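Following: one structure in structure tokens, then a few remarks.
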Amino acid sequence: MCGLSSALATIDVVTSLARLAADSAGEYVRPKLEPMGSGIFELRKCRHPVLEALIDEHFIPNDIDLGSFVPATYARLSVLDGIFTRVGASDQQTRGISTFMAEMLDSATILENV
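Number 24 in the UniProt record's numbering belongs to position 24 of the sequence shown; there are no gaps in the numbering.
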């Protein structure tokens, strides 16, 4: 039963990504994949599909990877096994972790995996 559930979930995700790319008013492109380790990560006029749908005002595209067609006018990426970011931190006083310590732990995780 778990295998069937997993297969249905995969079909649901792939179908949803395909519909999003096909039905979107914005342009979606198939990324050109480069060999792992080539260090290429190039996207042009990239957008966040949820934000684009929710904002009424003019959306300014950024220069992302979705694992599917990419909401961009151009995408050229090397194969990656992870992208690490730091997006702020907050303390966890119940665990004895200050904001500074949380930032250091996040940074250490990134450095250990690069």
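Every residue gets a Cβ at the ideal spot worked out from N, C-alpha and C, and that includes glycine.
If you're wondering where the values come from, they're calculated on a predicted model, not measured in any experiment.
Check: Name, in chain order, the residues that DSSP records as bridge partners for Ile55.; Outcome: DSSP lists no partner for Ile55.
Check: Going by DSSP, what residues sit across from Ser78 in a beta bridge?; Outcome: Glu34
Check: Let's see if you can read the secondary structure: which residues bound the beta strand (DSSP E) around Phe41?; Outcome: Phe41 to Arg44
Check: Run through DSSP, which three-state label would Val14 get?; Outcome: helix
Check: Classify Leu51 as buried or exposed, calling it buried when 16 or more other Cβ atoms lie within 10 Å of its own Cβ.; Outcome: exposed
Check: Measure from the alpha carbon of Val70 to the alpha carbon of each residue in Ala7, Ala22, Ala108 and Met36, then state which is nearest.; Outcome: Ala22
Check: In angstroms with no decimal places, state the Cα-to-Cα distance between Thr85 and Ser78.; Outcome: 18 Å
Check: Where Asp65 and Gln92 are concerned, what is the direct C-alpha to C-alpha distance, given to the nearest angstrom?; Outcome: Residue confidence for Asp65 is low, a pLDDT of 48 falling below 50, so the modelled location carries little weight and cannot support an answer.
Check: Comparing C-alpha positions only, which one of Ser90, Thr94 and Pro49 sits nearest to Met101?; Outcome: Ser90
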